[in-house]
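Numbering (the numbering used here), first residue to last: 114 to 562.
Backbone N, C-alpha and C define an ideal beta-carbon position, used for all residues, glycine too.
Down below is the structure, laid out as structure tokens.
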Amino acid sequence: MKLPEKFEIRMNKMLGNEYSSFLNAMEETPVFTGIRINSSKIGAEEAVLKEFGDLEKVPWCENGYYIDKSQISGNHPYHMAGLFYFQEPSAMSAVSALPINEDDYILDLCAAPGGKSTHAGAFLSNRGLLVANEIVRNRANILSDNIERFGLTNTIVTNESPQKLAEKYPHFFDKIIVDAPCSGEGMFRKEPQAVEEWSVEHTRSCALRQRHILDSAMKMIKGGGYIVYSTCTFAPEENEQICAYMLGNYNVELVTPQKLCMLSEGKNEWSLSDSDVTFSRRIFPHKHKGEGHFVALFHYLGSEEFSLKTKNIKQADDTLYRKFEKEFLNITLNGDFMLFGENLYLKPKNIDIDKIKVLRAGLHLGIYRKNRFEPSHALCLALKKEDFKNSINFTCDNIQLKNYLMGGMLEYDKNGWCAVMADGFPIGWGKASQGALKNHFPKHLRLKK
């Protein structure tokens, strides 16, 4: 790999006698593959470890593991059922730094493709609120798909600018994740395009954009709340110097991320200020098993809090859904039912989404088609095996399950909606009639024959 000359000069100056080890790691150390197990699905960790063997843990992430990429693929039934998420090990550090409570209101401001959102959402146990935002529409669609696959019920996916959200939600969130767009130096080994796009000017423009994003985040954080800031770059302009900007312009303190004690401290001399930034954390590929990463945790010392103005929400007619629920489920869902066109959602309470670009307004329950209700894939993945009255279970290596995931039909001796399971984990719907289970696994997710 040919690194940019000016990048090499800067890294040599930064690292001194460590530079040769760094360069060797960039050129010769294998790229690490990681998975993060979905802690919101009971039994997921036990099932995954039984399937893939004794995996090495990622030291800074409770549910993170290193895995041989030849061992696993996105076509595995456990992945399709939302039991785990592929995530670069270093990227798991950001949410690990956050002290999350189950009833927190959390904003992931730059959320696509969804690694940090699914990580944070799993901690909420479907009690708090997660707003996952992505400004680029096609990336926001990918984010929404990953939220669905992970079975998160209390998550709203938005497609807005940070500035627009700041106007809508002043001092609303307990925790904010800012995984900022950056120059991507830490991903040079994985993404050759990042090497081609790199320049000193690009690094500086990224730093300016990062400051603007954090300016918006500060308008949305509650008094006493926490903002975790992360990048996948080595550049001090985008790391320690951003910390210095926050400490110099806002009523915040930089605090120690307790779960990241094994990582390298930020360097005061790289901040170009009198600020103490040593509580920030870095991941270098010659010191840790992961790509380049930076994490800083800010505690807001203000006292502001959003004054929630409740408004009467026009509840959607849930008659057809309740009929389906009574006939095919063992669970009763309560909350704000909202209809977007033909799509029925269960919206999290205590948030106004009027005049905001919303891709997913909570849990997508299903679609109204004339005088019937058709359940969504999201609803199936959000429930547990005991929530279904009808289900059919296969081991994850069963040929019939593979046939189902390819779009084939199954035999079933009951009528109506039935959940198909992989080792007891819901993976999709089927609708049975006259001994056959018609396939309702989403066509765009089906395995190729």
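Nearest candidate by alpha-carbon position, reference residue i, set the options
i    : options                   : result
N352 : K163, E314 and H406       : H406
L220 : F197, E310, L242 and R485 : L242
S238 : N151, F286, A293 and V208 : N151
I480 : K427, Y434 and Q547       : Y434
S416 : C509, N364, L373 and Q428 : N364
L211 : I289, E131, P555 and Q323 : I289
S565 : L367, N447, V144 and S318 : Summary: the structure shown does not reach residue 565, with the chain confined to residues 114 through 562, and so no result is reported for it.
V533 : F507, I512, P555 and F397 : F507
Y282 : R322, T316, S329 and R252 : S329
K332 : M359, A549, T391 and K502 : M359
E564 : A409, K115, L196 and D167 : Past the edges of the chain, shown from 114 to 562, lies residue 564, and the structure says nothing about it.
N549 : K556, Y525 and P539       : It should be noted that the sequence gives Ala, not Asn, for residue 549. Ranking the options by Cα distance to A549, first place goes to Y525.
G543 : L558, T146 and M522       : M522
Q371 : D258, A207 and F145       : A207
N176 : E201, E261 and L410       : E201
G529 : N516, E314, R262 and H553 : H553
L410 : K439, L373, H401 and K436 : L373
L327 : I464, A429 and S343       : S343
S418 : P555, G129, F285 and N516 : The identity of residue 418 in the sequence shown is Glu, whereas the question assumes Ser. Checked all of P555, G129, F285 and N516; the closest Cα to E418 is F285.
M205 : R149, K483 and N516       : R149
D510 : N130, H189, L222 and A545 : H189
G448 : F437, D430 and E440       : D430
F197 : A293, L446, H232 and D181 : H232
F486 : K502, E455 and Q513       : E455
Simplified DSSP assignment, three categories, for residue i
i    : result
H192 : helix
K99  : There is simply no residue 99 to check, as the chain begins at 114 and stops at 562 in what is shown.
H477 : strand
C509 : coil
L442 : strand
Y363 : coil
K515 : helix
T346 : coil
W173 : coil
H401 : coil
E378 : strand
T268 : strand
A225 : coil
P370 : coil
P488 : strand
F236 : helix
V408 : strand
D449 : strand
R559 : coil
V208 : helix
A532 : strand
E59  : The question about residue 59 has no answer here: the residues shown for the chain are numbered 114 through 562.
E280 : helix
I219 : strand
I355 : helix
P461 : coil
Contacting residues, own chain, Cβ-Cβ under 7 Å from residue i (five flanking each side not counted)
i    : result
A224 : S230, A245, N246, E247 and L256
K470 : T271, N272 and E273
M124 : Y132, F135 and F347
D500 : L442, N443 and I444
Residues near residue i in its chain [Cβ-Cβ closer than 6 Å; skip 5 each side]
i    : result
G234 : L243, L265 and T268
H325 : none
D287 : D217, Y218, K335 and G338
S388 : A357 and L360
P461 : L242, N267 and G475
S209 : W173, C174 and K372
Burial state of residue i, where buried means 16 or more other Cβ atoms lie within 10 Å
i    : result
N214 : exposed
M519 : exposed
K154 : buried
G297 : buried
V390 : buried
F453 : exposed
I444 : exposed
L376 : buried
L496 : buried
D536 : buried
Q354 : buried
V161 : buried
G166 : exposed
H557 : exposed
G541 : buried
Below-7 Å beta-carbon distance, residue i vs any chain C residue
i    : result
P398 : Going by chain labels, chain C is absent from the structure shown, which holds only one protein chain.
Other residues of its chain near residue i: CB distance less than 8 Å, five sequence neighbours each side excluded
i    : result
L492 : L476, H477, L478 and G479
R240 : E215, D216 and N267
F120 : E298 and W311
R252 : A225 and P226
Ignoring anything shorter than 4 residues, give me the alpha helix (DSSP H) runs that lie fully in the segment 134-168, in order along the chain.
157-165
Alpha helix (DSSP H) segments (min. 4 residues) lying fully within the segment 286-332
305-310
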